[in-house]
Amino acid sequence: MRFLPALNLPRWAPIGALAALLIANACKTKTEAEPQKPAKESDVDVQLSDKALEAAHLVMGKPKMTPRRSSVAVTGAIDFVPSRVARIGPSIGGRIGAVMVTAGQHVKRGATLISLDSVDAGRARADFLSAKSRLAQAEVELEREKRLMAGGASSERAVMQAETERNLAQNEVRASEARLRTLGTGSANGGIALTTPIDGTVLEVKARLGQPVGATDTLVVVGEIDPVWLKVDIYERDFSRVHLGDAVKVTTVAYPDRVFEGKVDLLGTVVDPDRRVVEARIVLGNTDGALRPGMTATARILGDPALAAAPKDDAGNAPMAPMVTTVPRTALQIIDGQPYLFLEKEKGKFELRPVERGSDLDAEVEIARGLKGDENVVVDGGFILKSELLKEQMGTND
């Protein structure tokens, strides 16, 4: 059994030492690195006793040949669907009197989010009260003139004048009511109520009790986060390979082992003259809210029409699609940024093999170099073997 050689390193260095050793083993001469050459065995093995092997519950599997569809890899940022997000703030300056919501809270259209105290709102309420008072006085005056005219003590002209004054007062009341509604106050009492125009989740609250605010401030963001958009740039060389409706597989740094599915919803019609790209928009379902605006995401746009329209074989694969060697993504072990696989050499004995990673194909990953077709690969539980290697390395440094 070949164990890791003893390295004169401090106890805190086993991971770096292991990575350095593995990378050194992975470095071959140019002749050895030719694609047609068989994979070389590494000098790093780990062996488990029968008892440890039984407890590890390792799952073994063989590499398989998988059709690789033509795809375009791009990166972009997750964003809201603009029609499903509202940024809410006051139309005038004031001071926050109350905050009624918190981030994450679901709200219905029309719900009050913030109450705002404002000098301008006070003036608007005073104007409203004055207009109502003038309207009441004008209505009383109109009724008096009508009674006088009925008794012969007033003229029709005086009644018409009173009606005109009443109508003017009504218009003033309507105008002052509209002003209050614009400010967010539906009545002459209370502060300005900032309400949400849509149903959704409170995504952000930037308001504190007593905080002075201006007419350009955004205090609350409310939105629906299902679905979301991923905006990406398509380079000129890839224009012919991307089409409306193409299926898309998306991964993120936050969830590297999770694949989100979507489709191309929009392709730009204008090419950026400097960067030679057009913008594409991908729609993604987000029922659990895992995708958040601002996240960086990597997308693989699938769907070459030539491949999709080609005659299928008995397995449903297009003969035109190139076949590549793949293993489950769970089999891949990343050490210091480099990809490795554990291969079973004999019962309880495993080799750590450096490989060259190709394209991600949903739950599978392409292995461009480093594998033979008939080798046994640890497809689940490889992290246990990696832990054993690290423990052996720690032992050599004691």
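Under numbering that gives the first Met the number 0, think of the first position of the sequence shown as 0, with each following residue one higher. Think of the CB as a built atom: it goes at the ideal place given N, C-alpha and C, for glycine as much as any other residue.
Item to check | Buried/exposed call for residue 81, threshold 16 Cβ in 10 Å | outcome: By 1-based counting over the sequence shown, the position of residue 81 is 82. So residue 81 ends up on the exposed side.
Next on the checklist: I need the DSSP call for residue 292, collapsed to helix, strand or coil.
Outcome noted: Translated into positions along the sequence shown, residue 292 becomes position 293. Secondary structure of residue 292 (DSSP, three-state): coil.
Checklist entry - DSSP three-state call for residue 80: helix, strand or coil? => result Your numbering for residue 80 matches position 81 in the sequence shown. It is coil, neither helix nor strand.
Item to check | Integer-rounded CB distance, given that residue 249 should sit under 8 Å from residue 229 | outcome: Here residue 229 refers to the residue found at position 230 when the sequence shown is read from its first residue. Here residue 249 refers to the residue found at position 250 when the sequence shown is read from its first residue. About 6 Å separates the two Cβ atoms, so the contact holds.
Next on the checklist: Assuming residue 232 is part of the beta strand (DSSP E), what are its boundary residues?
Outcome noted: For this step, residue 232 is matched to residue 233 along the sequence shown. DSSP places residue 232 in the uninterrupted beta strand (DSSP E) bounded by 227-234.
Checklist entry - Buried or exposed: residue 369, going by 16 or more other Cβ atoms within 10 Å of its Cβ? => result Looking up residue 369 in the sequence shown gives position 370. The residue is buried, with at least 16 neighbouring Cβ atoms inside 10 Å.
Next on the checklist: Suppose you measure from the CA of residue 399 to the CA of residue 178; what does that come to, to the nearest Å?
Outcome noted: Here the chain covers residues 0 to 397 and nothing more, so residue 399 does not appear.
Next on the checklist: At the level of alpha carbons, what is the spacing between residue 235 and residue 92?
Outcome noted: Start at 1 with the first residue of the sequence shown, and residue 235 comes out as number 236. Start at 1 with the first residue of the sequence shown, and residue 92 comes out as number 93. When rounded, the separation of the alpha-carbon atoms in residue 235 and residue 92 is 48 Å.
Next on the checklist: Taking the straight line between their C-alpha atoms, what separation do you get for residue 175 and residue 135?
Outcome noted: Taking the first residue of the sequence shown as position 1, residue 175 is located at position 176. Taking the first residue of the sequence shown as position 1, residue 135 is located at position 136. Going from the Cα of residue 175 to the Cα of residue 135 covers about 15 Å.
Checklist entry - residue 281: buried (16+ other C-beta within 10 angstroms of its C-beta) or exposed? => result Within the sequence shown, residue 281 is the residue found at index 282, counting from 1. By the neighbour-count rule (16 or more Cβ atoms within 10 Å), residue 281 is buried.
Item to check | Contacts around residue 209, its chain only, beta-carbon distance under 7 Å, and the 5 residues preceding and following it disregarded | outcome: Working through the sequence shown from its first residue, we reach residue 209 at position 210. Once the five neighbours on either side are set aside, the close Cβ partners of residue 209 are 94, 95.
Item to check | Local conformation of residue 275 per DSSP, three classes | outcome: For the purposes of this step, residue 275 is identified with residue 276 of the sequence shown, where counting begins at 1. Coil at residue 275, not helix or strand.
Item to check | First through last residue of the alpha helix (DSSP H) which encompasses residue 53 | outcome: The count along the sequence shown starts at 1 and reaches residue 53 at position 54. Under the DSSP assignment, residue 53 falls in the alpha helix (DSSP H) whose first and last residues are 49-55.
Item to check | First through last residue of the beta strand (DSSP E) which encompasses residue 345 | outcome: Translated into the one-based positions of the sequence shown, residue 345 becomes position 346. Looking at the DSSP string, the run of the beta strand (DSSP E) that includes residue 345 is 337-345.
Item to check | C-alpha distance - residue 227 paired with residue 260, whole-angstrom precision | outcome: Against the sequence shown, residue 227 aligns to sequence position 228. Against the sequence shown, residue 260 aligns to sequence position 261. CA-CA distance, residue 227 to residue 260, rounds to 12 Å.
Checklist entry - In angstroms, rounded to a whole number, what distance separates the CA positions of residue 83 and residue 233? => result The residue given as residue 83 occupies position 84 in the sequence shown. The residue given as residue 233 occupies position 234 in the sequence shown. Roughly 25 Å separates the two Cα atoms.
Next on the checklist: If distances are taken between C-alpha atoms only, which option among 367, 326, 106 comes closest to residue 196?
Outcome noted: On the sequence shown, residue 196 is found 197 positions in, with the first residue counted as 1. Taking the Cα of residue 196 as reference, the smallest distance to any Cα among 367, 326, 106 is reached at 106.
Next on the checklist: Just to confirm before moving on: does the CB-CB distance between residue 340 and residue 332 stay below 8 Å?
Outcome noted: Stepping through the sequence shown from its first residue, residue 340 is reached at position 341. Stepping through the sequence shown from its first residue, residue 332 is reached at position 333. Yes, the Cβ-Cβ distance between residue 340 and residue 332 is below 8 Å.
Next on the checklist: One question on the structure: do residue 389 and residue 351 come within less than 8 Å of each other, judged by their Cβ atoms?
Outcome noted: Here the question's residue 389 lines up with position 390 in the sequence shown. Here the question's residue 351 lines up with position 352 in the sequence shown. In this structure, residue 351 does not lie closer than 8 Å to residue 389 by Cβ.
Checklist entry - Leaving out five residues before and five after residue 144 in sequence, what residues of the same chain have Cβ atoms less than 7 Å from its Cβ? => result The residue you call residue 144 lines up with position 145 of the sequence shown. If you ignore the 5 residues before and after residue 144, its C-beta comes within less than 7 Å of the C-beta of 153, 157, 158, 161, all in its own chain and listed in chain order.
Next on the checklist: Please tell me whether residue 173 and residue 137 are closer than 8 Å, where the distance is taken between their beta carbons.
Outcome noted: Here the question's residue 173 lines up with position 174 in the sequence shown. Here the question's residue 137 lines up with position 138 in the sequence shown. The Cβ-Cβ distance between residue 173 and residue 137 does not fall below 8 Å.
Item to check | Every unbroken beta strand (DSSP E) within the region 92-124, with a cutoff of 3 residues, ordered by chain | outcome: Correct list: 93-98, 111-116.
Item to check | Boundaries of the beta strand (DSSP E) in which residue 238 is found, first to last residue | outcome: Counting from one through the sequence shown, the residue named residue 238 turns up at place 239. Element bounds for residue 238: n/a, residue is neither H nor E.
Checklist entry - Rounded to the nearest angstrom, how far is the Cβ of residue 325 from that of residue 62, given a contact under 8 Å? => result Translated into positions along the sequence shown, residue 325 becomes position 326. Translated into positions along the sequence shown, residue 62 becomes position 63. With 8 Å as the limit, residue 325 and residue 62 qualify as a contact, their Cβ atoms being about 7 Å apart.
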